[in-house]
Amino acid sequence: MVKGAAVTARGPRLLLRQIREALAGPGGGAPAQNRLNMVVRIIARSMVAEVCSIYLRRASGELELFATEGLNPEAVHNTRLRPGEGLVGEVARTAEPLSLSDAQSHPSFSYRPETGEDPYHAFLGAPLLRGGRAIGVLVVQNRVARRYDEEEIEDIQTIAMVLAETVASGELLALEELRDVEVAPHRPERLRGQKFAEGLSFGRAVLHEAPIAPEQLLADDPVAEEVRLKAALEGLRTSIDALLEGSQGKLGGTPYEVLETYRMFADDRGWNRSLEEAVRSGLTAEAAVDRVRNEHRARFANARDPYIRERLHDFEDLANRLLRLMAGDHPGQRDLPDDAILVAKNLGPADLLEYPRHKLRGLLLEEGSAAAHAAIVARALQIPCVGRLQGLRDRLTEGDQVIVDGETGEAYLRPRPDMLAAVESRMAVRAQQRAEFDQLRDTPAVTKDGKRIMLLTNAGLAVDLENLDATGAEGIGLFRTEFQFMVSDELPRLDSQTALYKLVLDA
3 MVKGAAVTAR
13 GPRLLLRQIR
23 EALAGPGGGA
33 PAQNRLNMVV
43 RIIARSMVAE
53 VCSIYLRRAS
63 GELELFATEG
73 LNPEAVHNTR
83 LRPGEGLVGE
93 VARTAEPLSL
103 SDAQSHPSFS
113 YRPETGEDPY
123 HAFLGAPLLR
133 GGRAIGVLVV
143 QNRVARRYDE
153 EEIEDIQTIA
163 MVLAETVASG
173 ELLALEELRD
183 VEVAPHRPER
193 LRGQKFAEGL
203 SFGRAVLHEA
213 PIAPEQLLAD
223 DPVAEEVRLK
233 AALEGLRTSI
243 DALLEGSQGK
253 LGGTPYEVLE
263 TYRMFADDRG
273 WNRSLEEAVR
283 SGLTAEAAVD
293 RVRNEHRARF
303 ANARDPYIRE
313 RLHDFEDLAN
323 RLLRLMAGDH
333 PGQRDLPDDA
343 ILVAKNLGPA
353 DLLEYPRHKL
363 RGLLLEEGSA
373 AAHAAIVARA
383 LQIPCVGRLQ
393 GLRDRLTEGD
403 QVIVDGETGE
413 AYLRPRPDML
423 AAVESRMAVR
433 AQQRAEFDQL
443 RDTPAVTKDG
453 KRIMLLTNAG
463 LAVDLENLDA
473 TGAEGIGLFR
483 TEFQFMVSDE
493 LPRLDSQTAL
503 YKLVLDA
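If you're matching positions, the sequence shown starts at 3 in our numbering and goes up one per residue.
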């Protein structure tokens, strides 16, 4: 049979549907291993491969053979590859597909006699990407030394994407069986950054402009999905043009030149072509955007050049805007947990002020500086803030518990219980100190030699006025008038400035 004709003639849509039906059918309630065996059998048959194997990443970083059709079944759960070991490890490390006509001649080839893979020369592997991280690898192999074509590589990437979602959702394996499988970062981590605003807090991570996950992966009508994608892309470009021209105002904290960069990337031929190819493979428009975003994230995350790594965030922002555009979602006030720790690449002051202050416990940024406007506002609102945390968002999942240490400039992701206890003790000490200061609030400011001193406070935001009584200050010594301009999308009108100053004088 020539070049996997079974798949290229039908596309991966039918194959994916067969997998879904097999999981939902009479065997759907079978033990996890039986379901996995069923999946690799279907993929091998459809891709005209003599071997199909699924490897999943354990918490240790090892890649374990979870199921195979064609290799020695006794190797399942016994074959474990160290991080980066073998061709499978290479696929996981690079987070990119690998196609070889003679696998054994590749320098990364690692011989495992227990698998019985000696006769198989052709190798095609694709990463199971979840949040830009490889949580596993899907492999097909053939005896004959042959080159897999582009359509087959595209097919296995699509299948791998759906498998990653199926595994992470618990549809293929029960959550108990996934307990030691690293479908998302779960180990405690400490990141060292820079302190932007003093303070100490802990809570649940909330991702600023969190990506919208596609609800449906497979398209019922690929032609209609391609039309939807093109319409959304055109809408994306139009919306950015409108922002540039000022017809819809400006994005808070986003400079004009950044918008120009966004517009340039929205026209990027490679990005647009990747989206169109993903839709034509049988995915919905939303799933196509999600897949391409994952591929870009995995590819750019390994780049050493900081400029290239920054381009990842340009594409991610475009992808997120595109998904929201297709969902008809207009960002507004979000429902936050009562102990929200806001996580962002960077943040404008207006963005920060949109979140309900009483629920915001801390702020973590990948970039920024202590002199940035968001950091100034965080200090004014007494929100602990740590920035310059490299790789922060890729190491977090929405809802993860995190600690913001604005005293040391560190962030703790998914902290151990003893670390949480230590932080609570430190917070109790700070609360006691604050209580002692509160007792001195109304004590006259008189020096030892009897001279009276007038104590005043600095302010710049309306929210600062709420703290006047708490500080015991006799008034405002310095009012930062520029804050009105920094936190506004447009130049403040005369009436709004007048109203603010009246509020300040009354207070």
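Heads up, the beta-carbon is just placed ideally off N, CA and C, and yes, glycines get one too.
Note that the coordinates shown come from a computational prediction; the quantities given were computed from them, not determined experimentally.
Would you decide whether residue i is buried or exposed? Buried here means 16 or more other CB atoms lie within 10 Å of its CB.
i	result
Leu18	buried
Arg293	buried
Gln143	buried
Phe487	exposed
Val225	exposed
Gly477	exposed
Phe439	exposed
Ile455	exposed
Arg495	exposed
Ser249	Reliability of the predicted coordinates at Ser249 is poor, the pLDDT of 36 falling under 50, and no value is obtained from them.
Gly330	exposed
Pro121	exposed
Leu235	buried
Arg295	buried
Arg135	buried
Met49	buried
Thr168	buried
Identify whether residue i lies in helix, strand or coil by the three-state DSSP scheme.
i	result
Gln441	helix
Glu279	helix
Glu228	helix
Lys197	strand
Val406	strand
Leu220	strand
Gln434	helix
Leu480	strand
Tyr503	helix
Thr459	strand
Val260	Note on Val260: pLDDT 45, under 50, position unreliable in the model; the coordinate value appears next. Reduced to three states, the DSSP call for Val260 is helix.
Leu140	strand
Ile1	As displayed, the chain neither begins before 3 nor continues past 509, which places residue 1 out of reach and without an answer.
Leu147	Residue 147 is actually Ala in this sequence, not Leu. Note: Ala147 maps to coil in three-state DSSP.
Pro121	coil
Arg390	coil
Val448	strand
Thr286	coil
Gln250	Below a pLDDT of 50, predicted positions are generally treated as unreliable, and Gln250, at 39, falls in that range; the measurement from the model is reported next regardless. Coil at Gln250, not helix or strand.
Phe204	strand
Arg37	helix
Thr168	helix
Val78	coil
Gly6	At Gly6, the pLDDT of 42 sits below 50, so the modelled position is not reliable and the matter cannot be decided from this model.
Arg363	strand
Leu422	helix
Ser101	strand
Pro115	helix
Leu209	strand
Thr240	helix
Val93	helix
Ser55	strand
Taking C-alpha atoms, which residue in the options lies nearest to residue i?
i	options	result
Asp269	Ala346, Arg230, Gly237	Gly237
Tyr414	Glu76, Glu156, Phe487, Leu394	Leu394
Val404	Met421, Thr168, Thr410	Met421
Asp337	Glu200, His210, Leu496	His210
Ser283	Ser55, Arg43, Asp157	Asp157
Leu383	Pro358, Glu23, Gln20	Pro358
Val208	Lys361, Arg114, Leu73	Lys361
Val78	Leu100, Thr117, Leu493, Gly91	Thr117
Pro386	Gly205, Arg192, Gln35	Gly205
Ser62	Pro75, Asp151, Asp120, Gly138	Gly138
Pro339	Ile155, Ala289, Arg145, Gly401	Gly401
Arg436	Gly195, Gly201, Ala329	Gly201
Thr410	Lys197, Arg47, Thr473, Ala374	Lys197
Ala280	Glu426, Gly479, Lys504, Gln159	Gln159
Met163	Arg443, Pro190, Leu285, Thr459	Leu285
Quick test of your reading: residue i and residue j, contact by CB under 8 Å. State the CB separation rounded to the nearest angstrom.
i	j	result
Gly408	Val431	Not confirmed; about 15 Å, so no contact.
Ser203	Ala147	Their Cβ separation, rounded to whole angstroms, is 59 Å, which puts Ser203 and Ala147 out of contact at 8 Å.
Pro129	Ala300	7 Å
Ser101	Arg149	7 Å
Gly166	Arg192	Strictly speaking, residue 166 in this sequence is Ala, with Gly absent from that position. So it is not a contact: roughly 28 Å between Cβ atoms.
Leu65	Arg82	7 Å
Cβ contact (3+ pairs, closer than 8 Å) linking the region 39 to 52 and the region 65 to 72
yes
Mind the definition here: the region 79 to 92 touches the region 108 to 123 only if three or more C-beta pairs lie below 8 Å; say whether that holds.
With a cut-off of 8 Å, the region 108 to 123 and the region 79 to 92 count as touching, because enough Cβ pairs lie within range.
Hey, is the region 365 to 380 in contact with the region 224 to 241, meaning 3+ C-beta pairs nearer than 8 Å?
no
Counting beta carbon pairs with one atom in the region 218 to 226 and one in the region 435 to 453, are three or more of them shorter than 8 Å?
Cβ pair count under 8 Å is below three, so no.
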